[in-house]
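Peer 1:
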Amino acid sequence: MIRFLTAGESHGPKLVGILDGIPYGLSLSLEKINQDLKRRQIGAGSSSRMTFEKDKVQITGGLLKGITTGGPISLEILNQDYKNWKNRKINPMTLPRPGHVDLPAALKYGYGDLRFGLERASARETAMRTAIGSICKILLEVLGIWIGAFVIQIGAEKVTLTPLSWRKQWEWAENNPFRIPKESDFRVWETLLDKAVNHGDTLGGAILCIAEGVPPGIGSFSQSEEKLDAQIGSALLSIPSVKGVDFGFAFENCQKWGSQYHGTIIEKKGIVSPQESLSGGIDGGLSNGAPILVRAFLKPISTLKKGNPSWDLKKWTIRKAAYQRSDVLALPRAVPVIEGMVAFVLAKNVLKKTGGDSMEEVEKAFQALKKGRKEDFHFWDKKWNFSYD
139 MIRFLTAGES HGPKLVGILD GIPYGLSLSL EKINQDLKRR QIGAGSSSRM TFEKDKVQIT
199 GGLLKGITTG GPISLEILNQ DYKNWKNRKI NPMTLPRPGH VDLPAALKYG YGDLRFGLER
259 ASARETAMRT AIGSICKILL EVLGIWIGAF VIQIGAEKVT LTPLSWRKQW EWAENNPFRI
319 PKESDFRVWE TLLDKAVNHG DTLGGAILCI AEGVPPGIGS FSQSEEKLDA QIGSALLSIP
379 SVKGVDFGFA FENCQKWGSQ YHGTIIEKKG IVSPQESLSG GIDGGLSNGA PILVRAFLKP
439 ISTLKKGNPS WDLKKWTIRK AAYQRSDVLA LPRAVPVIEG MVAFVLAKNV LKKTGGDSME
499 EVEKAFQALK KGRKEDFHFW DKKWNFSYD
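Per our numbering, the very first residue in the sequence shown carries number 139; after that it's consecutive.
Spelled out as structure tokens, the structure:
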């Protein structure tokens with residue numbers, strides 16, 4: 139089973155990570171990983187920090203001759219901003235920002251400076267998770283599983299999805315600063331962003347992530363925390379600003395009749411699978427063979443240039459919350475983070491299903507997984523007695 143740990147502060151020397159459980163023999167491209175890191179730094183509404191942080195991963199263990207050894211993979215990403223902070227005399231931050239970790243962290247740990255909480259809770263940590271998720275995407279690609287995400291809502295403005303393939307819409311999204319999955323007039327989005335900037339405000343919205351090629355039966359219903367949708371939901375909700383998750387557009391589709399929601403099960407080209415199901419590719423905690431569709435809903439960034447009223451915890455008086463350098467819109471940059479976390483959960487569950495210490499063993503076992511063919515089903519011919527005796 140794969141797992142990961144990250145460490146490091148937003149303005150410390152570096153971020154470090156350990157990814158454990160990747161089998162031997164996976165060819166890793168640093169160029170691919172660094173491309174995902176670059177994607178995380180590009181997008182409309184980004185803070186000025188993205189103009190000088192040039193994230194590149196350094197793998198210091200678990201990789202020899204460009205292939206994984208089967209041991210833990212250790213990763214590092216340098217923080218270029220550290221040089222601007224390491225000799226700085228810092229005044230303790232005592233004014234918590236509404237909606238941020240500042241106040242609850244101070245109450246939990248008893249910090250003498252609110253900055254201690256924000257340094258670790260910062261979205262800067264997601265750079266390492268993007269790198270870790272990128273490795274998981276590479277593993278899944280070998281098995282024929284594709285993962286892509288894009289922005290489908292900014293503020294109250296929603297994107298009308300096209301009938302084109304998910305991959306084509308993803309390609310369109312990767313070619314514009316808002317990561318919107320269509321060729322369109324972007325003035326509505328630019329106007330919305332300009333309004334937020336001019337008012338010292340921020341914007342939230344939603345991201346859709348798609349996983350194609352996931353075979354049926356990935357996940358488990360044996361224990362509640364093993365359900366595939368529960369694991370994906372947990373991973374996405376661990377990302378800063380993510381406040382909601384749904385599968386198969388459930389927030390809208392929950393209003394439908396059951397006969398409309400659940401679709402049909404048909405046979406096509408010798409394989410039985412759900413058709414027109416709105417469950418988002420997961421039923422009962424197991425993948426059903428259809429594309430997995432999951433949305434992540436991000437709140438507006440809680441650091442506001444105009445500042446909401448807050449309570450100074452040292453001077454014990456009301457003041458306007460202080461401004462810390464921050465994005466106005468985090469959605470475009472969050473896309474590769476969302477992809478990475480979905481990839482991690484899927485890789486973890488695929489490897490649990492296939493077993494194998496090497497990629498050769500994993501690929502062989504993956505190809506043998508049941509797909510829904512007639513020979514995949516084995517039913518008894520006799521009645522049986524429901525008894526524990």
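Heads up, the beta-carbon is just placed ideally off N, CA and C, and yes, glycines get one too. In this text the structure is predicted, and so the values were computed from the model without any measurement.
Within a Cβ cutoff of 7 Å, which residues of the same chain sit near Asn528, ignoring the five residues on either side of it in sequence?
Peer 2: Since the first residue of the chain shown is 139 and the last is 527, residue 528 is not available in this structure.
Peer 1: Measure from the alpha carbon of Ile345 to the alpha carbon of each residue in Ile420, Val473 and His400, then state which is nearest.
Peer 2: Among Ile420, Val473 and His400, the Cα nearest to that of Ile345 is on Val473.
Peer 1: Can you list the beta strand (DSSP E) stretches of 3 or more residues lying completely in the stretch 140-175, in chain order?
Peer 2: 141-145 and 152-158, all fully within the stretch 140-175.
Peer 1: For the pair the stretch 304-313 and the stretch 243-262, tell me if three or more CB-CB distances fall below 8 Å.
Peer 2: no
Peer 1: Could you give the distance in angstroms between the alpha-carbon of Gly408 and the alpha-carbon of Pro354?
Peer 2: 15 Å
Peer 1: Helix, strand or coil, according to DSSP, for Trp327 in the structure here?
Peer 2: Here Trp327 carries a helix assignment [DSSP, helix/strand/coil].
Peer 1: Give me, in chain order, the residues of the same chain whose beta-carbon lies closer than 6 Å to that of Met231; leave out the 5 immediate sequence neighbours on both sides.
Peer 2: Asp251, Leu252 and Arg253
Peer 1: Report yes if the CB atom of Ser560 is closer than 8 Å to the CB atom of Lys152, and no otherwise.
Peer 2: As shown, the chain starts at 139 and ends at 527. That puts residue 560 outside it, with no answer to give.
Peer 1: Would you grab the beta carbon distance between Leu489 and Val500 for me? Rounded to a whole angstrom, and I think it's under 8 Å.
Peer 2: At roughly 7 Å, the Cβ-Cβ gap stays under 8 Å, so Leu489 and Val500 are in contact.
Peer 1: For Glu534, report the span of its alpha helix (DSSP H) as first-last.
Peer 2: There is simply no residue 534 to check, as the chain begins at 139 and stops at 527 in what is shown.
Peer 1: In terms of alpha-carbon separation, which member of Lys176, His149, Lys275 and Leu143 lies closest to Asn225?
Peer 2: Out of Lys176, His149, Lys275 and Leu143, His149 has the C-alpha closest to the C-alpha of Asn225.
Peer 1: Using only the alpha-carbon positions, how far apart do Asp384 and Arg433 sit?
Peer 2: Those two C-alpha atoms are separated by around 5 Å.
Peer 1: With respect to the alpha helix (DSSP H) encompassing Gln393, which residues constitute its N-terminal and C-terminal limits?
Peer 2: For Gln393, there is no enclosing alpha helix (DSSP H), as DSSP marks it with neither H nor E.
Peer 1: Measuring only the C-alpha atoms, how far is Ser464 from Ser184?
Peer 2: 8 Å
Peer 1: Considering just the uninterrupted stretch of the alpha helix (DSSP H) at Phe288, what are its terminal residues?
Peer 2: Element bounds for Phe288: not the alpha helix (DSSP H) but the beta strand (DSSP E), Trp284 to Ile292.
Peer 1: Does the stretch 209-229 come within contact of the stretch 425-445, defined as at least 3 CB pairs closer than 8 Å?
Peer 2: no
Peer 1: Please report the residue range of the beta strand (DSSP E) in which Gly423 lies.
Peer 2: Premise fails: Gly423 is in no beta strand (DSSP E) and is neither H nor E.
Peer 1: Compute the Euclidean distance between the alpha carbons of Asn487 and Phe504, then round it to the nearest angstrom.
Peer 2: Taking the straight line from one Cα to the other gives about 12 Å.
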